[in-house]
Every structure is written in C-alpha cells, then in structure tokens.
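Below: one structure, written as structure tokens.
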Amino acid sequence: KRYCQCFASSKICMDSCKCIACQNTEETSMERSEAIRNILSRNPGAFSTKFTTTDENNRSQAVHRLGCRCRKSACLKKYCE
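At position 14 of the sequence shown the residue is numbered 81 (the working numbering), and the sequence of numbers has no breaks.
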C-alpha cells in the first residue's frame with residue numbers, strides 16, 4: 068500500500084509498526100521493489116524527505132522544501148506533512 072508510513076519512508080514493515088495487511092514485508096520484496104521502481108519512474112522525488120535544514124543565525128531549522136501549505140496556522144500547529 069502506498070499510504071503505508073514505513074513504505075513512504077523507504078523502510079520495511081516490522082512487527083512493531085501498526086500496519087494491517089500490508090505487503091511491505093521481506094517476504095514480498097520482489098513486489099515491493101517493482102512498486103518502488105514504478106513510483107520512482109513517475110515521480111523521482113517520491114521517497115525524498117519533504118523537509119530541509121537551514122542554518123540561519125547559527126541556529127538550524129527544518130523548513131519545507133516545497134513551502135508550507137498551511138493557510139491559517141503557518142505551520143505553527145505542526146499539522147502539515
């Protein structure tokens with residue numbers, strides 16, 4: 068499932084994650100690899116992080132690569148991706 072958090076972060080699901088009936092396991096590694104290739108062929112940045120760090124005034128800060136899309140809170144409530 069593409070909406071699996073483990074799959075989206077390029078990890079394999081373990082017993083400790085909360086995925087249910089997920090195909091992101093070592094037993095299905097061939098299908099998982101094929102799915103990753105298909106997704107990357109359509110979107111090369113699909114598995115890259117959405118945040119980048121900036122170093123302003125000797126303080127590092129995480130900033131959205133594509134910009135925050137929070138309309139009212141401007142990311143103050145940390146709802147966004």
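Glycine included, C-beta positions come from ideal geometry on N, C-alpha and C.
- Name the two residues that bound the continuous alpha helix (DSSP H) containing SER96. 96-109
- Task: Per DSSP, which residues does ASP122 bridge with? Please list them.
- Result: SER127
- Message: Can you tell me where the alpha helix (DSSP H) holding GLN90 begins and where it ends?
- Response: It is not in any alpha helix (DSSP H) - GLN90 carries neither H nor E in the DSSP assignment.
- Message: How far does the alpha helix (DSSP H) with ALA113 in it extend, from its first residue to its last?
- Response: No alpha helix (DSSP H) holds ALA113; DSSP gives it neither H nor E.
- Item | Limits of the alpha helix (DSSP H) - the one that CYS73 falls within | 72-75
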